[in-house]
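Below: one structure, written as structure tokens.
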């Protein structure tokens, strides 16, 4: 019996169930509509002429041969886009970065190989490519910086290549080091790698003079903020710029930011009066789309005799590449803030040198700042254990923040918001993980195999994630006269399954089958605002807004049905499978949502003094992030001769608070573990001393295949719902990648009985073979 | 361009008369001239396998084959897998086992998977994993793709056993 005194009918719920995705049918039948499939009549194709020099002064650009070709429509260089300001990056509290922004075409200097120098427009993509090769760029080379640990050089006269040093500090660091039982020092490096979605970037712009609207197709991730940015750069009102999301072939942080090419197609569509299409090729993608991750940390920990951390002191060097782009210094700032991870650290000091180099600009890749900082704090935990002769598990147990300490506030901010860990019993979760993998048996089995001569080892790593970036998200839910539910949101999709998840939440709150809900997203012409798909935020922010909107809509429908249709009071009614029924007689008289929608058509509604439309808006506002957490266990086998590493077993655990669709969450975890294995073992953007990128094909930049990735086991727990939103949600988009570098390093050291050996990612066979050779020598 | 050739491509049983330069790839021709945009190009250098189609029942990287080379051969693409409204067992298995996220690599994996199932319906697990490592997926971590192909294999075996 519920509070109203009427019995509740049995109700089907959708949240918590692994129902199939709404997204899949077009995608398995070849009807996906990715950017390359968007075409408009009379469109032109844009091809970018890119710098082949890492740093130099542009002496001349000769495009006469290209222009002379009959199929050439236009060639643009910096002079043609001089009116367009440099590309903006996200607002940030870190000041002084503006002078380092990138212009849409290089002006006076080139600063990385791949930088757009000119663009060619033609009627055919093959011909556009031919013409681009006819453009001759003469460059006088300047000194090249290829490492952030090199001394800063000159960005331009009176400006060096270190725009900012990020400093954070709390507690008595000096005192802690003075009083320490031991000090552990490590020098650690994370390699340059990135999201590398399988779909390259694409942008198609057209200008419609009739409506005075500029359209950009192929947008994603942050359509609304990007609309505002493009409007500012092109001097237009934001209401005359519409962005449209297509299907997106993977986001991972890099896709959907504003890059030079997005601005160029828009400017060209306006200027040339024809739709303009640009589709990136893979070589371009690997040298022009955001890179990420590259950092070097010199970290020290002060510990007591029991291995408890008294203080952390880290100086790190963040390789930003050639320009400040898209995210400003957020990745470096986030790395600094997340460095203590899930551990209680009484005193803390960090100096993050945010430095420019002559490489592709960098920004976020899935779990930005956390993949890096987790590698650092987990390498430290293993090193502490080694130094004090303790079990690495015991060191972690002693340092993990206890459940009783929640919520746990750290005197740090991340992206301007305080770091307040919202919920979770981290030590209890660790015990669950150990039980799942039967840790003691596993250790014994490893020991047996080692005795038999195998180089096999097991590692463990604990991580803290963050999710649900605000400030807010909005959803409008409308039921039409067929009973179909339309859910419109300013959040975006990058292929993660957000349509299904929002439909499930809507289904429960409204009382309809989730398959009746059509989710509209990534369009700036149907909703005025939105904050997109990033930072594991969609389920939390848009999901909570969906819950609010659908709950309001349900009340509205019940109210109409109660007074006009069912002769009941609202408390007596519920909505089950799209029908409004009496709770005490669910099989009795009922009305459908479609009927209520008809009652609320404008004329009918106004005649009864009602507001027309069966529709409701919901806004969820929350500036605080929810912090999920978990641990990884990996078993690896090393080939001592080749340095090859085989990952035999992998467990990824994750506490997500509440899983709306466990199958999709597990999909996110398994998929991001695979990406993490790439960054841990194979993927690296390598440069030579002249700043020439060497990883510009998939033969050189190696993504893991089914051969390298084991069947990842997932332990998904829901023990720590977040108190920050109505459903207790935490984000899952970055869930499985965070600890991969750390755990693989740990397992390899165990396999080789070589504590402290692994200090650099990725652990490629070449690197490991060299380390093994050095050890033998 | 002056050196265009008229060719006829047979795709999913239908004939497409197209005029192409010799250098135009099969992938671009299928997409831009036959209107079959289900075949995606992910790398254009033959590694990712997103553009995998079947040519005379063999999996082929459509980015590495010129359209003129495909003349007179039987081309199958993802658009031809379903029989009207009825999905191919592998398409259904991909949905049921959540073997896709962004869906970009999916047409290529479906065609690769179909070729494996047709050639070797009893393929052992190790060999299946090895065969599927021909294509790249950036979203799923492969676990569910392997699972889906296995499920479709057993369904197709069961179906042919009852025939």
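Chains as they are written, first to last, in the numbering used here: chain U, 2 to 778; chain S, 11 to 173. Even glycine gets a Cβ: it sits at the ideal position worked out from N, Cα and C. For clarity, every value in this text was computed on a predicted model and none was experimentally measured.
Listed in chain order, the non-local C-beta contacts of residue 130 of chain U below 6 Å within the same chain comprise 48, local neighbours out to five positions each way being set aside. Among the bridge pairs identified by DSSP, residue 591 of chain U is matched with U/582. Its Cα nearest to that of residue 264 of chain U, the residue U/87 stands out among U/87, U/164 and U/180. Counting along the chain, the unbroken beta strand (DSSP E) around residue 142 of chain U starts and ends at 137–142. Membership of residue 749 of chain U in any beta strand (DSSP E) is not indicated; the residue belongs instead to the alpha helix (DSSP H) covering 741–753. Judged by beta-carbon spacing, residue 57 of chain U lies within the 8 Å limit of residue 140 of chain U, meaning their Cβ atoms are closer than that value. Residue 712 of chain U belongs to the set of residues whose beta carbon lies under 8 Å from a beta carbon in chain S. Taking residue 70 of chain U as reference, the option from U/115, U/238 and U/135 with the minimal CA-CA separation is U/135. For residue 20 of chain S, none of the residues of chain U pass the 8 Å Cβ criterion, the least Cβ distance being about 17 Å.
Think of a sphere of 7 Å around the beta carbon of residue 21 of chain U: the chain S residues whose beta carbon falls inside it are 105 and 106, in chain order. The beta carbon of residue 660 of chain U sits closer than 8 Å to those of 17, 666, 717, 719 and 733, all from its chain and outside the five residues before and after it, given in chain order. Residue 676 of chain U reaches chain S at 148, 149 and 151, counting residues in chain order whose Cβ is nearer than 9 Å. For residue 647 of chain U, the CB contacts under 6 Å within the same chain, skipping 5 residues up- and downstream, are 638 in chain order. By the rule that beta-carbons nearer than 8 Å mark a contact, residue 170 of chain S does not touch chain U. Using a Cβ distance threshold of 8 Å, residue 454 of chain U and residue 751 of chain U do not count as a contacting pair. Neighbours of residue 142 of chain S across chain U, judged by C-beta separation under 7 Å: 707. Only residues of its own chain outside the window of five on either side were considered, and among them 470 have a CB closer than 6 Å to the CB of residue 536 of chain U, listed in chain order. Proximity of residue 76 of chain S to chain U, defined by a Cβ-Cβ separation below 8 Å, is not satisfied. Separation of the CB atoms of residue 662 of chain U and residue 505 of chain U is rounded to 6 Å, and the pair is thereby assigned contact status at 8 Å.
Residue state for residue 223 of chain U is assigned as coil, using DSSP reduced to three classes. Taking 8 Å as the CB threshold, residue 665 of chain U lines the interface with chain S. DSSP places residue 278 of chain U inside the beta strand (DSSP E), whose first and last residues are 277–280. Beta-bridge partners assigned by DSSP to residue 517 of chain U: none are found. The Cβ neighbour count for residue 171 of chain S, taken over all protein chains shown within 10 Å, is under 16; the residue is labelled exposed. A Cβ-Cβ separation of about 7 Å places residue 692 of chain U in contact with residue 360 of chain U under the 8 Å criterion. Residue 319 of chain U has U/296 and U/355 as its beta-bridge partners, per DSSP. For the region 36–52 of chain S, the beta-carbon criterion of a distance under 9 Å to any beta-carbon of chain U is satisfied by 38, 41, 42, 46, 47, 48, 49, 50, 51 and 52. Using a 10 angstroms sphere on the CB of residue 128 of chain S, the tally of other CB atoms stays under 16, which defines it as exposed. Note on residue 369 of chain U: 16 or more other CB atoms within 10 angstroms of its CB, so buried under the neighbour-count rule. By the C-beta density criterion, residue 132 of chain S is exposed, having fewer than 16 other C-beta atoms within 10 angstroms.
A direct Cα-to-Cα measurement between residue 35 of chain U and residue 601 of chain U gives close to 37 Å.
Annotation for residue 748 of chain U: 458, 459, 460, 635, 636 and 637 place their beta carbon closer than 7 Å to its own, counting only its chain and skipping 5 residues before and after. Runs of the alpha helix (DSSP H) spanning 4 or more residues and lying entirely within the region 421–476 of chain U occur at 427–438 and 440–452, in chain order.
Residues of chain U with a Cβ closer than 7 Å to the Cβ of residue 54 of chain S are, in chain order, 282 and 283.
For the set U/358, U/350, U/557 and U/254, the Cα lying nearest the Cα of residue 320 of chain U is the one of U/358.
In this structure, residue 104 of chain S places its C-beta atom within 8 Å of the C-beta atom of residue 120 of chain S.
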